[in-house]
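Sequential numbering from -2 applies to the sequence shown in the numbering used here.
All C-beta atoms, glycine included, are put in the ideal place defined by N, C-alpha and C.
Keep in mind it's a predicted model, so treat the numbers as computed, not measured.
To start, the structure itself, in structure tokens.
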Amino acid sequence: MCPVASKSAHQLAFILDVNFNHPYRQSSIDNMVRNGTPLPAKLAGPPLSDREAIADACYRAFASIDHASEELLESSATPDIYTDIAFKACDGYEELKNKVWINVAERVDTVHYLSNVRVSVDTETTARVTFNAQAVHCPVGKGYEPDSTKFTTGAFYACDAVKVDDLWKLKTMKSTHIWSTGDPSIMKPPGSE
């Protein structure tokens, strides 16, 4: 039996309080959440296959939000990228960055889980990719608060990718959001209705 599963609710509350609410531990958690260091866009080691590199463009796009890394965002998207994600359309990298990425990456702690990634390499420089994504959102620094507001979504994505020099990037990203739970208001920029 899992040691945690055998604990009573009171024992677990004590363990969580000791582990997560200690000032030193809370500082470590805050740093872990905001300062996680993602791997660079170009990975060390043997080159990725085209399929792996195309999937990696998707991973970089979402890791850019989770780690607030503009370097990863830029490495994953073409300058003329078109996105239609969560009912918001953006035309071009700058619009995507300014309308969506800055709002989410700077105001919300996120974790995105990508699964069922399928890649069709259509030519030497073009490809299509589909995947499922689950995203958990929480106001910055509030993730470990017992009653913190969260917003979680599930979506299907369909993307087009192109090879730019030696790096695959996303040219289009379209989502079909299937479900959500929690408070969507945490996603709205300050001052918006």
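CA-to-CA, the gap between H134 and I51 works out to about 25 Å. The beta carbon of T122 sits closer than 8 Å to those of V159, K160, all from its chain and outside the five residues before and after it, given in chain order.
The shortest C-alpha to C-alpha distance from T34 to any of D63, A41, A58 is the one to D63. DSSP, reduced to helix, strand and coil, places A60 within a helical segment of the structure shown. Annotation for Y110: Q131 place their beta carbon closer than 6 Å to its own, counting only its chain and skipping 5 residues before and after. In terms of Cβ geometry, P136 and I183 form a close pair [threshold 8 Å]. Between the beta-carbon of T127 and that of A152 there is about 11 Å, and that puts the pair past the 8 Å contact cut. I175: not part of any alpha helix (DSSP H); member of the beta strand (DSSP E) spanning 164 to 179, first to last residue. Check the Cα spacing between L93 and each of S73, D119, P37: the tightest is with S73. Boundaries of the alpha helix (DSSP H) around L93: 90 to 93. Per DSSP, the unbroken alpha helix (DSSP H) holding I99 starts and ends at 99 to 104. Inclusion of F148 and P186 in the CB contact set at 8 Å is not warranted, their separation being larger than that value. Residue pairing of V161 in beta bridges, as defined by DSSP: L164.
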